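Notes to accompany the following structure.
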Amino acid sequence: MAGDLYKKPILFAIVAAGVILVGTAVTMFIPMLTEEMHPKLANLKPYTALQLAGKDIYQREGCNNCHTQTVRPLKTEVMRYGEYSKAGEFAYDRPFLWGSKRTGPDLARIGGKYPDKWHEVHFDNPQAIFAQSNMPAYGWLRDSKLDPNESASRMKANDFPYTADELARLKDKTELDALIAYMQVIGIAVKKTPEPASSGITDIPNPLAAKPEAIKQGLLLYKEICAACHGDNGEGGIGPSLSDRKFLGRTADGSDGEYFTVIQNGTQAGMPPYASNLDKNKMWSLVSYIRSIQGNK
Amino acid sequence: MNDYQYDNQTVKGFIVSSIFWGVVGIVIGLWISVQMWMPSLNIPPYFTFGRLRVVHTNGLAFGLGIGAIFGITYYILMRLCKRPLLFPKLARFHLYLFNAAIALAALSLFLGMNQSLEYAELEWPLDIGVVILWVIFAVNVFGTIIKRREEQMYISLWYIIATVVAVAVLYIVNNLSIPASLTKSYHLFAGVNSANVEWWYGHNIVGFIFTTPILAMFYYFLPKSTGLPIFSHRLSIIAFWSLVFAYLWTGAHHLVYTPLPDWIQTLGIAFTIFLIAPSWGSVVNGYYTVGSDWSKMQSNYLTKFFILGITFYGLQTVQGPTQGLRVVSQLIHYTDWVPGHVHMGTMGWVTMTACAAMYYIIPKIYNTRIYSVRVANVHFWLVLVGQLIFSFTMWVTGIMQGALWKATNAEGNLQYTFMDVLAKNYPYWQMRTVGGLIFTVGMLFFIYNIFMTMRQGYIAQSDIKPVVAGMKA
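Top to bottom, those sequences are chains A and B. Per the working numbering, the first sequence runs over residues 1 to 297. Per the working numbering, the second sequence runs over residues 298 to 770.
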């Protein structure tokens, strides 16, 4: 009887299909019919026309070949990238763009991490910000304008709401604008983890103030991490000037502790936090270095 | 000798086509391997890493892989069914359509038409073309098997039937999409569900393109070229059914620690571990087959291709399940370890076995001998060494990346920035290019050998039989 199976191709194919489909049904088809596979965060918003255009460009250029968009719930990964990814964040992603290789860093929490200007400089020439980066330049995206008609059909296919006005405005936007708009919306439906309590630190004096070796270490760190945004000599650029004795829009300068807190926690305006990457000594030595260039003025 | 003739022209056409697409895919592979450490080799818009990488993977999986599978399957099918293909003209049309589809596919990927689903990047009009290709293949496979002149279906035919059925289901389901235009569509599935469907597909398309049809070749050509019968028929039966049953449960091991529900991940990991057994069923069968006369390794130049091929299959199917374990995945996932793993399978197992099958087929079709066993041996050692350099380099750098990404200093802060770690990869990425280059040179020896064999056979045929009626034997 069983031997007959190997003489009857149609029967064989039917049995083989049945055997193959068991795992398919249990792990793929049945879960799809449950709520568990269709989660959506309450504050997750559909993409705007500009953001969707950016996401389409992200896909067209194959960014997902080198960048993931999922932070695993592992301690060091959360330290490096931010809050781990939630199932409900991706309800509007067709398809998901989690990726499978990190030649470049994960982008799940890139939204709001840097100002638009940073992205523009970085897309133009990634090596200008990270000298050793192997990312290709994408400044050429600036040469192409968006097409509102194309966007309309793409918004419709996704069933995303849009207005005629919104589409009309796309005419003046470039592909680079769209890509940056997409960067800034990735992962923002999940609130940032509150930074560790640090309010008291603003009063603490810099233990390394004016120490020559600290200034030297601060200089090296500054060149590596800060110079791309704050200028080679602290004169400012993408980020504000650090040599002008003004602090975050105030006319008066900040305390050492306030500088330390900004390095540690970042700002809403687009300065990323460095608490996970730099130990306290390194952050204080940066403050020492900043003070030293202020003195030069 | 026979009262029928085989359609060797279509088989040959597929083999030559697959070699052509293989060259395209390998050259682009070398190019992108250099882009990893020399970003100035990115030439926008068509030749950046992000676009070229998918031409590389699709070109080799579908151009070289599927092309070789179509051709070699037709060859096996006719012999095991003791009859020509049921629809030889359809098979010829299949060949032309295949080449047109692959050419259009490559073009569309250069243009950035990309669904962003790994190994299912082609946009929907091309997906329809692929489905038509597959239906044509299925019609000829089933038609020829049904009308066969040999009662029993040999093991290779089981694997071929399973391939035809599984690939059809996988490809159609994962490519369901909502078209926005002729060149752009959105996955029918969203978010977590999209991920689950894609990796159910992604894992199993590898299984049913890089495993089952290659096993069909292995089970046919190993006994054919050595003259040794397969060690155990019973083991073949057990290995076949447990393989095709277990494979489809395992896709979620690609999504360990992602937001996919934990139970699906765990189930995937468990079945992945189970898969070692059926995979090694074929490994054991291969080893014991040649085990009855190991001198074949010396006396028959093809034996070592098959034995090394099945060895890398065996290593691949232990390494893969190991990677699926959470404790290993947390370290090596997203690192260069993974391309190292993939390339051991594709360069070590698939290419090794398919090349050996072609070495067997081409002289048979042309009624001649292989042009040079020596060249074949040089080919063998170069692709072996090239692949080992490639894979080992990627494993080492993958472990390093994973470890440095996790490293913390005395205060508990991250020890290295992302750039610190990336910069440490450059020497390894350069070494990978060297491995790839050696492999490529090996493949050039293979191509040279195949074409010289064809030339030699062609000259011999025109000398001895100036007038050949009907199809060339």
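Ideal placement from N, C-alpha and C gives every residue a C-beta, glycine not left out. The structure presented is a predicted model; accordingly, all values stated were derived computationally and were not measured.
- Restricting attention to alpha helix (DSSP H) runs no shorter than 4 residues, the stretch 518-599 of chain B encloses them at 530-544, 559-571, 573-588, 593-596, ordered along the chain.
- Per the C-alpha coordinates, the member of V553/B, K481/B, N501/B, K386/B positioned closest to A157/A is K481/B.
- Nearest CB-CB separation between L719/B and chain A: below the 8 Å threshold.
- Counting C-beta pairs closer than 8 Å gives fewer than three between the stretch 696-704 of chain B and the stretch 641-658 of chain B, which falls short of the contact rule.
- Shown here, H484/B sits in a strand according to DSSP, grouped into three states.
- Pairing M28/A with W334/B, the inter-Cα distance amounts to about 39 Å.
- The DSSP-derived three-state label of P105/A is coil.
- Cβ proximity to chain B below 7 Å picks out M79, R80, S85, K86, A87, F90 from the stretch 77-90 of chain A.
- When C-beta atoms of the stretch 609-626 of chain B are compared with those of the stretch 318-334 of chain B, fewer than three pairs fall below 8 Å, so the two segments do not count as touching.
- Approximately 6 Å separates the beta-carbon atoms of N490/B and M32/A; this is inside 8 Å, confirming the contact.
- Here F742/B has V672, V675, H676 as same chain residues with Cβ atoms under 6 Å from its own Cβ, once five neighbours each way along the sequence are excluded.
- Contacts with chain A at 8 Å (Cβ-Cβ) do not include R729/B.
- Here T174/A is bridged, per DSSP, to K145/A.
- For G23/A, the closest alpha carbon among the candidates V541/B, V680/B, P510/B is that of V541/B.
- In the DSSP assignment, the residues bridged to F344/B are I340/B.
- Distance check between Y222/A and each of K117/A, V15/A, S292/A, A189/A places S292/A closest, using alpha-carbon atoms only.
- If the five residues before and after F505/B are omitted, its C-beta is found closer than 6 Å to the C-beta atoms of T460, A463, V464, all from its own chain and listed in chain order.
- DSSP places P476/B in the uninterrupted beta strand (DSSP E) bounded by 474-478.
- By the beta-carbon neighbour count (other beta carbons within 10 angstroms, threshold 16), Y303/B is buried.
- Taking all protein chains shown into account, S314/B has 16 or more neighbouring C-beta atoms within 10 Å of its C-beta and is therefore buried.
- Between E235/A and chain B, the shortest Cβ-Cβ separation is not below 8 Å.
- Taking a Cβ-Cβ cut-off of 7 Å, P272/A has no neighbours in chain B, whose nearest Cβ is about 11 Å from it.
- Chain-ordered, the chain B residues with CB closer than 9 Å to the CB of L74/A read Y554, Q627, K703.
- Checking the DSSP bridge columns, you'll see T705/B partnered with L711/B.
- The beta carbon of L564/B sits closer than 8 Å to some beta carbon of chain A.
- Within its own chain, the residues whose Cβ lies closer than 7 Å to the Cβ of G88/A, once the five positions on either side in sequence are excluded, are P39, K40, L41, L44, listed in chain order.
- For R348/B, the closest Cβ of chain A is nearer than 8 Å.
- Neighbours of L97/A in chain B, taken as residues at a C-beta separation under 7 Å, are given in chain order as S413.
- Take V71/A, set aside five residues on each side of it, and the residues of its chain with a beta-carbon closer than 8 Å to its own are E77, V78, Y81, G82, E83, Y84, S85, D106, A108, R109, in chain order.
- With respect to L564/B, W538/B sits apart: the two C-beta atoms are not nearer than 8 Å.
- Closer than 8 Å to the CB of C66/A there is at least one CB belonging to chain B.
- Using a CB distance cut-off of 8 Å, K379/B does not count as an interface residue toward chain A.
- Against chain B, the CB of Y222/A has no partner CB under 8 Å away; the residue lies outside that interface.
- Taken through DSSP and simplified to helix, strand or coil, Y81/A comes out as helix.
- Closer than 8 Å to the CB of H550/B there is not a single CB belonging to chain A.
- Boundaries of the alpha helix (DSSP H) around W634/B: 634-640.
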